[in-house]
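Residue numbers (the numbering used here), protein chains in the order written: chain V, 15 to 271; chain Z, 45 to 158.
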């Protein structure tokens, strides 16, 4: 990336974050112009070296009242949920419109989301293969909010395009559900089970010994059951626990879709 | 031993910025240059602009954005009456503090590092 692109990327991302922090469009425009002039006059080549990381700098430039040291804990809701790649983008955007900002994908593949109840903002999302560099999307204000094996999820505050209209006046309550696996996902599970059974039958017919086919199928099923067993294991289910158990199945689904 | 100048500088940067505006309005990079020329080294934008914002929020400086004929515009800052008053009060306290430190260090035989 050349110097100009680097500066554009940084300042575009900064503008998005400033809007998300509640600065008016005029103020954001003036700030970005001022900082652009600073870079030009000082000859600073790397905006991050001059101003620091985007998020930190945006927080420092935001009004004191908006983000003193981050919002008070009692004003922030956190919700962890999971979905397969058949429905994730649609759901991410639906919940993004309800003010949920994904901060990361956790170790068990859940979207860890939070919502600032004091000033909930709309977010939009997209999923790309991880091989697509951040540099491709950063100029348009997208930033990575999580990665998982081969996928990367990007988020962008709608304040970047809507301005103050991106703030939500009355956000709906947090969803009680945390598992959003699609019918396609369960169909895949059924297909995998059928494939294992057919493999066993074929193995049995091949050597004329039905027991070897059963052994083969049993072996495959046992292996397959390790991840899927996690889904059905356990008794009492808090929503978060349910989400944990869906992880293994989601893992397989994402690898094969 | 740790070089404490960076933390001293941060503690007094708001006063230095107010002081730099007593000669008239100025903008971010020009203030950074002025402080650099005064011997404080290169001031990064990431250090200076948040201070300017805080001073503006506190009503100690007033800012006005002016578009430029060529290139991007700039925000120009000027001291407000409240800023001038704060500079007088807080600057005086700093000088008194500085005097006490100097006297004690001089008694201990400490001399400025060249």
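All C-beta atoms, glycine included, are put in the ideal place defined by N, C-alpha and C. In this text the structure is predicted, and so the values were computed from the model without any measurement.
> Beta-carbon of residue 117 of chain Z versus every beta-carbon of chain V: anything under 8 Å?
Replying inline: Position 73 of the second chain, counted from the start, is the residue given in the question as residue 117 of chain Z. It does: the Cβ of residue 117 of chain Z has a partner Cβ on chain V nearer than 8 Å.
> Using a Cβ-Cβ distance under 8 Å, would residue 109 of chain Z count as near chain V?
Replying inline: For this step, residue 109 of chain Z is matched to residue 65 along the second chain. Yes, residue 109 of chain Z lies at the interface with chain V (some Cβ there is under 8 Å from its Cβ).
> Cα separation between residue 111 of chain Z and residue 190 of chain V?
Replying inline: Reading the second chain from its first residue, position 67 is the one you call residue 111 of chain Z. Reading the first chain from its first residue, position 176 is the one you call residue 190 of chain V. Rounded to the nearest angstrom, the two C-alpha atoms are 51 Å apart.
> With a Cβ-Cβ cutoff of 8 Å, do residue 68 of chain Z and residue 65 of chain V count as a contact?
Replying inline: As a working note, residue 68 of chain Z is residue 24 in the second chain. As a working note, residue 65 of chain V is residue 51 in the first chain. Cβ atoms of residue 68 of chain Z and residue 65 of chain V: not closer than 8 Å.
> So, is residue 152 of chain Z buried or exposed, given that buried needs 16 or more other C-beta atoms within 10 angstroms?
Replying inline: Along the second chain, read from residue 1 onward, the residue named residue 152 of chain Z stands at position 108. Residue 152 of chain Z should be labelled exposed.
>> Considering Cα atoms alone, identify which of V:153, V:213, V:172, V:140 is closest to residue 160 of chain V.
In response: Here residue 160 of chain V refers to the residue found at position 146 when the first chain is read from its first residue. Selected option, being the one with the closest Cα: V:140.
> Between the stretch 66-100 of chain Z and chain V, which residues of the former have CB atoms less than 8 Å from a CB of the latter, in chain order?
Replying inline: 71, 72, 73, 76, 88, 89, 90, 93, 94, 97, 98
>> I'd like to confirm the pairing. Which residues does DSSP put opposite residue 119 of chain V in its beta bridges?
In response: Taking the first residue of the first chain as 1, we reach residue 119 of chain V at position 105. Answer is V:125, bridged to residue 119 of chain V.
>> Counting only Cβ pairs nearer than 8 Å, list the residues of chain Z close to residue 55 of chain V.
In response: Residue numbering aside, residue 55 of chain V sits at position 41 when the first chain is read from its first letter. Simply 73.
>> Using the three-state DSSP reduction, which class does residue 212 of chain V fall into: helix, strand or coil?
In response: In the first chain, the residue the question calls residue 212 of chain V occupies position 198. It is helical.
> Based on the DSSP output, what are the partners of residue 171 of chain V in its beta bridges?
Replying inline: Stepping through the first chain from its first residue, residue 171 of chain V is reached at position 157. Bridge partners of residue 171 of chain V: V:137.
> Which residues in chain Z sit within 7 Å of residue 50 of chain V, going by Cβ to Cβ distance?
Replying inline: Numbered from 1 along the first chain, position 36 holds the residue referred to as residue 50 of chain V. Within chain Z, the residues whose beta carbon sits less than 7 Å from that of residue 50 of chain V are 116, listed in sequence order.
> Whose C-beta lies closer than 6 Å to the C-beta of residue 39 of chain V among residues of the same chain, with five residues either side of it excluded?
Replying inline: Counted from its first residue, the first chain places residue 39 of chain V at position 25. The answer, listed in chain order, is 177.
> In the stretch 22-39 of chain V, which residues sit with their C-beta less than 7 Å from some C-beta in chain Z, listed in chain order?
Replying inline: Those residues of the stretch 22-39 of chain V that come within reach of chain Z (Cβ to Cβ, closer than 7 Å) do not exist; the list is empty.
> Using the rule of at least 16 other Cβ atoms within 10 Å of the residue's Cβ for burial, across every protein chain shown, is residue 96 of chain V buried or exposed?
Replying inline: Start at 1 with the first residue of the first chain, and residue 96 of chain V comes out as number 82. Residue environment analysis places residue 96 of chain V among the buried positions, since at least 16 neighbouring C-beta atoms fall within 10 angstroms of its C-beta.
>> For the stretch 94-111 of chain Z against the stretch 123-131 of chain Z, do three or more pairs of beta-carbon atoms, one drawn from each stretch, fall closer than 8 Å, so that the two count as touching?
In response: yes
> So, helix, strand or coil for residue 113 of chain V, using DSSP?
Replying inline: Numbered from 1 along the first chain, position 99 holds the residue referred to as residue 113 of chain V. Residue 113 of chain V: coil per DSSP, three-state reduction.
> Which residues bound the alpha helix (DSSP H) around residue 158 of chain V?
Replying inline: Start at 1 with the first residue of the first chain, and residue 158 of chain V comes out as number 144. Not the alpha helix (DSSP H): residue 158 of chain V falls in the beta strand (DSSP E), residues 157-162.
>> Just to check my reading of the structure: residue 36 of chain V and residue 129 of chain V have Cβ atoms closer than 8 Å, yes? What is that Cβ distance to the nearest angstrom?
In response: The residue given as residue 36 of chain V occupies position 22 in the first chain. The residue given as residue 129 of chain V occupies position 115 in the first chain. Actually they are not in contact, since the Cβ atoms of residue 36 of chain V and residue 129 of chain V sit about 15 Å apart, beyond 8 Å.
> Where does residue 45 of chain V sit, in a helix, a strand or coil, going by DSSP?
Replying inline: On the first chain, residue 45 of chain V is found 31 positions in, with the first residue counted as 1. Here residue 45 of chain V sits in helix by DSSP.
> Count the other CB atoms within 10 Å of the CB of residue 52 of chain Z; is the residue buried (16 or more) or exposed (fewer)?
Replying inline: The residue given as residue 52 of chain Z occupies position 8 in the second chain. Exposed, since its Cβ has fewer than 16 Cβ neighbours within 10 Å.
> Helix, strand or coil: how does DSSP classify residue 179 of chain V here?
Replying inline: Stepping through the first chain from its first residue, residue 179 of chain V is reached at position 165. Residue state, collapsed to three classes: helix.
> Listing by chain order, which chain Z residues have their CB less than 7 Å from the CB of residue 74 of chain V?
Replying inline: Reading the first chain from its first residue, position 60 is the one you call residue 74 of chain V. The contacting residues are 94.
> For residue 169 of chain V, does the count of other Cβ atoms within 10 angstroms reach 16, so buried, or fall short, so exposed?
Replying inline: Here the question's residue 169 of chain V lines up with position 155 in the first chain. Classification of residue 169 of chain V: buried, given that the 10 Å Cβ count is 16 or more.
> By DSSP, does residue 105 of chain Z sit in helix, in strand, or in coil?
Replying inline: As a working mapping, residue 105 of chain Z is identified with position 61 in the second chain. Strand, per DSSP.
>> Contact criterion: CB-CB distance below 8 Å. Does residue 71 of chain V meet it with respect to chain Z?
In response: As a working note, residue 71 of chain V is residue 57 in the first chain. Yes, residue 71 of chain V counts as interfacial toward chain Z.
> Under a Cβ-count criterion, where at least 16 other Cβ atoms within 10 Å of its own Cβ denotes burial, should residue 114 of chain Z be classed as buried or exposed?
Replying inline: Translated into the one-based positions of the second chain, residue 114 of chain Z becomes position 70. Exposed: under 16 other Cβ atoms inside 10 Å.
> Applying the criterion that 16 or more other CB atoms from any shown protein chain within 10 Å of the CB defines a buried residue, is residue 148 of chain Z buried or exposed?
Replying inline: The residue given as residue 148 of chain Z occupies position 104 in the second chain. With fewer than 16 neighbouring CB atoms inside 10 Å of its own CB, residue 148 of chain Z falls in the exposed class.
> CB-CB under 6 Å to residue 42 of chain V, same chain, minus the five flanking residues each way: which ones, in chain order?
Replying inline: Working through the first chain from its first residue, we reach residue 42 of chain V at position 28. Excluding residues within five positions, the ones whose Cβ falls inside 6 Å are 29, 32, 33.
>> Measuring CB atoms only, is the stretch 77-85 of chain Z touching the stretch 49-64 of chain Z, in the sense that at least three cross pairs come out at less than 8 Å?
In response: yes
> residue 66 of chain V touches chain B at which residues, Cβ-Cβ below 8 Å?
Replying inline: Annotation note: the requested chain B is absent from the structure, which comprises protein chains V and Z.
> Where do the N-terminal and C-terminal ends of the alpha helix (DSSP H) with residue 27 of chain V fall, by residue?
Replying inline: The sequence position of residue 27 of chain V within the first chain is 13, counting from 1. 17-34 is the span of the alpha helix (DSSP H), which, as asked, contains residue 27 of chain V.
> List, in order along the chain, the chain Z residues whose C-beta lies closer than 9 Å to that of residue 77 of chain V?
Replying inline: The residue given as residue 77 of chain V occupies position 63 in the first chain. Ordered by position in chain Z, the residues that pass the 9 Å Cβ test against residue 77 of chain V are 97, 101.
> In whole angstroms, what separates the C-alpha of residue 116 of chain Z from that of residue 196 of chain V?
Replying inline: Along the second chain, read from residue 1 onward, the residue named residue 116 of chain Z stands at position 72. Along the first chain, read from residue 1 onward, the residue named residue 196 of chain V stands at position 182. If you draw a straight line from the Cα of residue 116 of chain Z to the Cα of residue 196 of chain V, it is about 50 Å long.
> Which class does residue 80 of chain V belong to by DSSP, given the choice of helix, strand or coil?
Replying inline: If you number the first chain from 1, residue 80 of chain V lands on position 66. In this predicted model, residue 80 of chain V has a pLDDT of only 49, less than 50, meaning its place in the structure is not dependable enough to derive any value.
> CA-CA distance, residue 17 of chain V and residue 150 of chain V?
Replying inline: Your numbering for residue 17 of chain V matches position 3 in the first chain. Your numbering for residue 150 of chain V matches position 136 in the first chain. Taking the straight line joining both Cα atoms gives about 15 Å.
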